[in-house]
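Colleague: Quick one: the structure is below, and I'll ask about it shortly.
Protein chains: 2
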Amino acid sequence: MAADPLSRVFSALADPTRRDMVARLAIGDATVNELARPYVVTVQAVSKHLKVLEDAGLVSRSREAQRRPVHLEADVLDLMTTWIERYRRTAEERYRRLDDVLRSMPDGVEPTPPSEPPSTGAPT
Amino acid sequence: MAADPLSRVFSALADPTRRDMVARLAIGDATVNELARPYVVTVQAVSKHLKVLEDAGLVSRSREAQRRPVHLEADVLDLMTTWIERYRRTAEERYRRLDDVLRSMPDGVEPTPPSEPPSTGAPT
DNA sequence: GGCTTTGTCAACCATTCGGTTGAGGAAGGA
DNA sequence: TCCTTCCTCAACCGAATGGTTGACAAAGCC
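Dropping the structure here:
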């Protein structure tokens, strides 16, 4: 299993079956059998998927007689959105800055040389 | 490789090395060698990682003499945020609705039975 | 007590994944 | 022309993944 939480969440949601389950659980809690019903796979396979989701912190399971209701822990999704937004914003800022540079340039000057190593004094 | 685009993006970012590369590329374009430098792994391994990112649509590569500058395509990240936000919102609405139900309840009535199959007329 | 339902655990299997080494193509510089 | 640089492709390897079957624990029902 992946060491860091972020990798666990990303790879948990990299499987379409598991994303389906999250979608289903967003509507309400469900038992393993209920979650397994729409799929051709065995209940054991679904149980494994749930373990992956649980290890990622996306899901919690309580105890209720023989049943094990599964509950979605939607907060963990924020981990991902935070990561994503951070780098999307950085990239967007870069575009904006490049745009400014291009606009303020006289004419034939070479624009920001691509492929500069980070050590050379990159865009700050 | 995964069939659907969403799975490709999620699993591309499930690897910490690839997330590092995305973070690096958010600052600016880079060549394969530049991307490989901070890591202990071989250039070939980095090349493989880039192929994964490229297949996910997260990255594009142009040609410039022998060099292949890598460019981040940040738009694809929206695919994920859209998916995530959708189900986080659904889950939040459910909590809000359950909250309303509980608040408007006389007293000893049984609250929304957990583990109801979706066919039974779920919360819409 | 015995049977049924619900779910997990263990073992196995095929495939994928992340890494390696080695070979080689494509382009510029001597 | 030959050499060097940059990068990818192919083959291989060990570990992880997603699936199966089979056994079994735990709780309720007859």
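Residue numbers (the numbering used here), protein chains in the order written: chain A, -8 to 115; chain B, -8 to 115. Backbone N, C-alpha and C fix where the C-beta goes; we use that ideal spot for every residue, glycine too.
Taking only the alpha-carbon atoms, compute the straight-line gap between THR8 (chain B) and THR22 (chain A) and give it to the nearest angstrom.
Modeller: Computed Cα separation, rounded: 36 Å.
Colleague: Taking only beta carbons into account, state which residues of the segment 31 to 52 of chain B come closer than 7 Å to chain A, listed in chain order.
Modeller: Correct list: empty, as no residue qualifies.
Colleague: With DSSP run on the structure shown, which of helix, strand or coil describes ALA65 (chain A)?
Modeller: DSSP places ALA65 (chain A) in helix when its eight states are reduced to three.
Colleague: Residues bridged to ARG52 (chain A) by DSSP?
Modeller: Looking at the DSSP assignment, ARG52 (chain A) forms a beta bridge with A:VAL61.
Colleague: Is there a Cβ from chain B that is less than 7 Å from the Cβ of ALA56 (chain A)?
Modeller: Chain B, which has no Cβ nearer than 7 Å to the Cβ of ALA56 (chain A), makes this no.
Colleague: Run down chain A in chain order and give the residues with a C-beta less than 8 Å from the C-beta of ARG85 (chain B).
Modeller: Under the 8 Å cutoff, chain A gives ALA17, ILE18, GLY19.
Colleague: Please name the residue or residues paired with ALA(-6) (chain A) in a DSSP beta bridge.
Modeller: According to DSSP, which records beta bridges pairwise, ALA(-6) (chain A) is partnered with nothing at all.
Colleague: Counting Cβ pairs, one atom from each stretch, are 3 or more of them under 8 Å apart for the segment 41 to 60 of chain B and the segment 54 to 70 of chain A?
Modeller: With a cut-off of 8 Å, the segment 54 to 70 of chain A and the segment 41 to 60 of chain B do not count as touching, because too few Cβ pairs lie within range.
Colleague: Are there 16 or more other CB atoms within 10 angstroms of the CB of VAL32 (chain A), so buried, or fewer, so exposed?
Modeller: By the 10 Å Cβ count, VAL32 (chain A) comes out exposed.
Colleague: Out of curiosity, what's the CA-to-CA distance linking LEU44 (chain B) and ARG80 (chain B)?
Modeller: If you take the alpha carbons of LEU44 (chain B) and ARG80 (chain B), they lie about 28 Å apart.
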